[in-house]
Amino acid sequence: MRKEEFFQKIELELRSYQQVMEAVLETVLTEGVSKYPIFVAHHEEELAMGIPIVQHQETDEDWSIHISTLEEFSTKQLIAPNKIDDFREVYKDPSTHICIFYIGQGEQQFLFMPRHAN
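Here you go:
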């Protein structure tokens with residue numbers, strides 16, 4: 813499967829979580845928690861990152877979704893200090909896109925999913 817097809821498949825799978833992710837995203841931005849919210853989508857049993865908002869073990873859902881931030885990624889050194897500015901450059905406006913860190917199938921990748929039109 814080509815990388816583009818793979819990303820489209822993941823985006824399609826995560827669409828069912830979009831409403832809850834958008835609500836949490838708005839809270840993070842409105843409350844001033846971070847200008848760089850990052851959702852973590854995974855199938856792990858436990859993940860010591862972010863705050864769980866959907867736990868697949870507790871629902872009939874396939875994915876677990878956590879909310880995190882660039883600041884946490886930096887603190888846990890998931891993004892190297894010398895790469896923070898590079899990340900900010902590629903980070904898409906959270907009013908138009910949801911930043912997702914995908915963990916699965918032996919991959920870890922950032923995806924930017926378009927938000928619903930307001």
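FYI, in this note's numbering the residues of the sequence shown are 813 to 930.
Glycine residues also receive a C-beta, built at the ideal position from the N, C-alpha and C atoms.
inquiry  = Please classify Val855 as buried or exposed, where buried requires at least 16 neighbouring CB atoms within 10 angstroms.
reply    = Here the sequence assigns His to residue 855, which means Val is not the residue at that position. His855 is exposed by the Cβ-count criterion.
message = On the CB-based measure, 16 or more other CB atoms within 10 Å of its CB, does Glu817 come out buried or exposed?
response = Its Cβ having fewer than 16 others within 10 Å, Glu817 is exposed.
query = Can you give the Cα-Cα distance for Glu857 and Asp898, rounded to whole angstroms?
reply = 31 Å
task = Helix, strand or coil for Thr839, going by three-state DSSP, please let me know.
result = helix
ask   = From which residue to which residue does the beta strand (DSSP E) around Leu923 run?
value = 919 to 926
task = Report the rounded CA-to-CA distance for Arg827 versus Pro893, giving the unit in angstroms.
result = 31 Å
query = Exposed or buried, Ala835, counting other C-beta atoms within 10 Å across all chains shown (16 or more means buried)?
reply = Exposed, since its Cβ has fewer than 16 Cβ neighbours within 10 Å.
inquiry  = Measuring straight from C-alpha to C-alpha, what distance separates Ile850 and Ile879?
reply    = 6 Å
query = For Pro926 versus Leu837, is the C-beta distance shorter than 8 Å?
reply = no
request  = Measure the alpha-carbon distance for Gln867 versus Lys895 and round it to whole angstroms.
outcome  = 30 Å
query = For Ile891, which residues from the same chain have a beta carbon less than 6 Å from its beta carbon, with the 5 sequence-adjacent residues on both sides left out?
reply = Phe885, Phe899
query = Near Asn930, which residues of its chain fall below 7 Å by C-beta distance, leaving aside the five closest residues on each side in sequence?
reply = Here Asn930 scores only 48 on pLDDT, less than 50, and its place in the model should not be relied on; the value that follows carries that caveat. Nothing meets the Cβ criterion.
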